[in-house]
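S.K.: Residue numbers (this note's numbering): 3 to 483. C-beta: ideal position from N, C-alpha, C; glycine also. If you're wondering where the values come from, they're calculated on a predicted model, not measured in any experiment. First, the structure itself, so that you have it in front of you.
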């Protein structure tokens with residue numbers, strides 16, 4: 003069995019898997035081996051959970067007992083170290099996840115900003131005094147919830163890890179981070195950063211390994227107080243069922259089939275030039291990707307032409323090439339799924355305008371595909387593809403646009419494009435999506451809550467709202483003598 007060159011993080015130390023298991027991680031740009039990673043098994047999970055549980059010690063452990071101000075300073079040092087190591091981390095993310103290097107650098111900075119934001123939170127997220135009718139004093143306390151199992155996906159490995167780790171640590175919880183098997187490298191490196199910044203080692207664990215084993219063991223363990231998961235809706239449902247046995251707190255950020263709604267009164271050229279990267283960024287492997295583009299019928303043909311032309315200008319290439327705007331997909335399986343959906347769409351009557359081609363080169367590349375004449379009942383409009391496939395759907399009027407946009411099992415994100423502020427307000431209030439943007443594509447900010455409606459998840463990440471999910475609120479009443 004090969005020796006791992008990337009070890010687990012257990013109790014703050016890099017260690018091999020107890021049973022010696024390893025996983026070979028492939029580089030999406032070449033399809034060739036990139037690294038050998040230790041693969042956690044049941045003994046590693048047990049050691050991590052037992053250590054995290056002891057580190058919590060009913061709130062008396064070193065990290066939960068650390069003052070809020072000091073916890074904030076440590077998180078600030080995490081942000082500083084991420085910036086100091088940004089070059090190495092970005093290159094690791096580009097090679098492991100296939101992200102263009104410029105995007106990877108932005109993601110490291112965004113992760114640093116996440117820790118920076120939560121560095122200011124611990125001494126501001128606290129209890130209060132509440133007037134009551136009976137003689138006495140009522141106060142509330144904010145306390146850490148306990149060991150947190152944080153399970154993150156392969157599409158934005160470091161960034162989404164930061165969204166969970168930062169608020170969990172800010173509240174004083176030990177963490178066990180479980181990265182995706184395809185892209186574990188930056189999560190393991192984050193474990194080093196946390197310890198170097200001053201988080202007590204016994205509160206830091208990063209376990210690479212298959213979700214069907216490591217994830218299930220974590221979710222089903224009664225010593226885990228909180229599970230934070232980002233990933234597929236079906237897996238989220240499985241986690242919800244498993245965690246219900248112990249009534250474990252769960253927050254879920256799940257799939258999406260987000261819509262960009264383009265009205266005829268919008269700046270159509272701006273929308274057509276901007277929306278491509280809202281679909282094809284990270285090769286479409288984004289739960290917030292605006293993979294359904296709804297366009298008012300009177301502007302439909304002109305928009306499709308302009309959108310296809312803008313899509314053709316996207317530079318698909320090697321992740322480490324600074325000219326690259328879209329890199330490879332993460333695996334051959336993901337590419338095959340996108341190709342299968344394109345074939346299904348054409349069979350159902352949609353028209354492939356451009357793209358969907360596999361270039362003659364190593365790696366898991368696929369050119370971005372624009373599909374027109376799509377009906378919202380088609381599978382490519384209803385099912386999450388998680389690839390570079392844009393379905394362009396016509397609508398007749400405002401009510402029709404809202405009906406089509408809401409006719410989805412998902413409700414994660416979306417965009418509105420219109421020249422009317424009153425229409426934007428009116429439509430935004432009627433769309434069933436957790437996060438919306440108007441005349442832009444970016445709807446996720448560290449300062450604001452992020453999460454979905456319907457089958458897109460439960461709970462909220464980011465913003466101050468995330469702190470409520472990683473803390474307990476208790477009430478204490480002092481009666482007067």
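#1: Quick check on the burial criterion: 16 or more other C-beta atoms within 10 angstroms. Buried or exposed for residue 209?
#2: Assuming residue 166 is part of the alpha helix (DSSP H), what are its boundary residues?
#3: So, helix, strand or coil for residue 327, using DSSP?
#4: With DSSP as the reference, label residue 468 as helix, strand or coil.
#5: Can you grab the Cα-Cα spacing for the pair residue 132 / residue 139, in whole Å?
#6: Kindly indicate which three-state DSSP category residue 17 falls into: helix, strand or coil?
#7: What are the boundary residues of the beta strand (DSSP E) that residue 371 is part of?
#8: In angstroms with no decimal places, state the Cα-to-Cα distance between residue 29 and residue 93.
#9: I'd like to check one pair, residue 313 with residue 372: are the Cβ atoms closer than 9 angstroms?
#10: Specify whether the stretch 154 to 162 and the stretch 270 to 289 touch according to this definition: at least 3 beta carbon pairs, one from each stretch, less than 8 angstroms apart.
#11: Should residue 393 be labelled buried (16 or more other beta-carbon atoms within 10 Å of its own) or exposed?
#12: With residue 226 as the anchor, note down where its beta strand (DSSP E) starts and where it stops.
#13: Nearest to residue 169 by CA position, among 482, 467, 475, 44, is which residue?
#14: Specify whether the stretch 384 to 393 and the stretch 222 to 233 touch according to this definition: at least 3 beta carbon pairs, one from each stretch, less than 8 angstroms apart.
#15: Please report the residue range of the beta strand (DSSP E) in which residue 37 lies.
#16: Given that a residue counts as buried once 16 or more other Cβ atoms are within 10 Å of its Cβ, and exposed if not, what is residue 482?
#17: Skipping 5 residues on each side, what residues in its chain have a beta carbon closer than 8 angstroms to that of residue 308?
#18: Report the residue from 194, 244, 199, 201 whose alpha carbon sits nearest the alpha carbon of residue 218.
#19: Can you name the residues that DSSP bridges to residue 481?
#20: Looking at the unbroken beta strand (DSSP E) that takes in residue 437, where does it start and where does it end?
#21: In whole angstroms, give me the CA-to-CA distance for residue 377 and residue 353.
#22: Report back the beta-carbon spacing between residue 334 and residue 305 to the nearest angstrom; my notes put them in contact at under 8 angstroms.
M.R.: Let me spell this out:
#1: Position 207 of the chain shown, counted from the start, is the residue given in the question as residue 209. Buried, because 16 or more other Cβ atoms sit within 10 Å of the Cβ of residue 209.
#2: By 1-based counting over the chain shown, the position of residue 166 is 164. Element bounds for residue 166: 159 to 172.
#3: As a first step, residue 327 must be located in the chain shown, where it is residue number 325. Correct three-state label for residue 327: coil.
#4: For the purposes of this step, residue 468 is taken as the residue at position 466 of the chain shown. Looking at residue 468 - three-state DSSP - the assignment turns out to be helix.
#5: Here the question's residue 132 lines up with position 130 in the chain shown. Here the question's residue 139 lines up with position 137 in the chain shown. Residue 132 and residue 139: Cα-Cα distance of roughly 8 angstroms.
#6: Within the chain shown, residue 17 is the residue found at index 15, counting from 1. Residue 17: strand per DSSP, three-state reduction.
#7: What you label residue 371 is simply residue 369 of the chain shown in a count that begins at 1. From DSSP, the beta strand (DSSP E) with residue 371 extends over 371 to 374.
#8: Position 27 of the chain shown, counted from the start, is the residue given in the question as residue 29. Position 91 of the chain shown, counted from the start, is the residue given in the question as residue 93. If you take the alpha carbons of residue 29 and residue 93, they lie about 12 angstroms apart.
#9: Start at 1 with the first residue of the chain shown, and residue 372 comes out as number 370. Start at 1 with the first residue of the chain shown, and residue 313 comes out as number 311. Yes; because the gap between Cβ atoms is below 9 angstroms, this pair is in contact.
#10: yes
#11: Counting from one through the chain shown, the residue named residue 393 turns up at place 391. Its Cβ being crowded by 16 or more others within 10 Å, residue 393 is buried.
#12: Here residue 226 is taken as the residue at index 224 of the chain shown, counted from 1. Unbroken run through residue 226: none, as it is neither H nor E.
#13: Residue mapping note: residue 169 aligns to position 167 of the chain shown, counting from 1. Answer by Cα proximity: 467.
#14: no
#15: Here residue 37 refers to the residue found at position 35 when the chain shown is read from its first residue. Its beta strand (DSSP E) spans residues 35 to 40.
#16: By one-based count along the chain shown, residue 482 stands at place 480. Looking at its Cβ environment, which holds fewer than 16 other Cβ atoms inside 10 Å, residue 482 is exposed.
#17: Here residue 308 refers to the residue found at position 306 when the chain shown is read from its first residue. Excluding sequence neighbours, residue 308 sits near 270, 271, 274, 275.
#18: Here residue 218 refers to the residue found at position 216 when the chain shown is read from its first residue. Nearest C-alpha to residue 218: 244.
#19: Taking the chain shown and counting its residues from 1, one reaches residue 481 at position 479. Per DSSP, 138.
#20: Here residue 437 refers to the residue found at position 435 when the chain shown is read from its first residue. Here the beta strand (DSSP E) through residue 437 covers 437 to 440.
#21: Locating residue 377 in the chain shown gives position 375, counting from the first residue. Locating residue 353 in the chain shown gives position 351, counting from the first residue. Near 11 angstroms, if we compare the C-alpha coordinates of residue 353 and residue 377.
#22: Your numbering for residue 334 matches position 332 in the chain shown. Your numbering for residue 305 matches position 303 in the chain shown. Going by Cβ atoms, the distance from residue 334 to residue 305 rounds to 33 angstroms, so no, they are not a contact pair.
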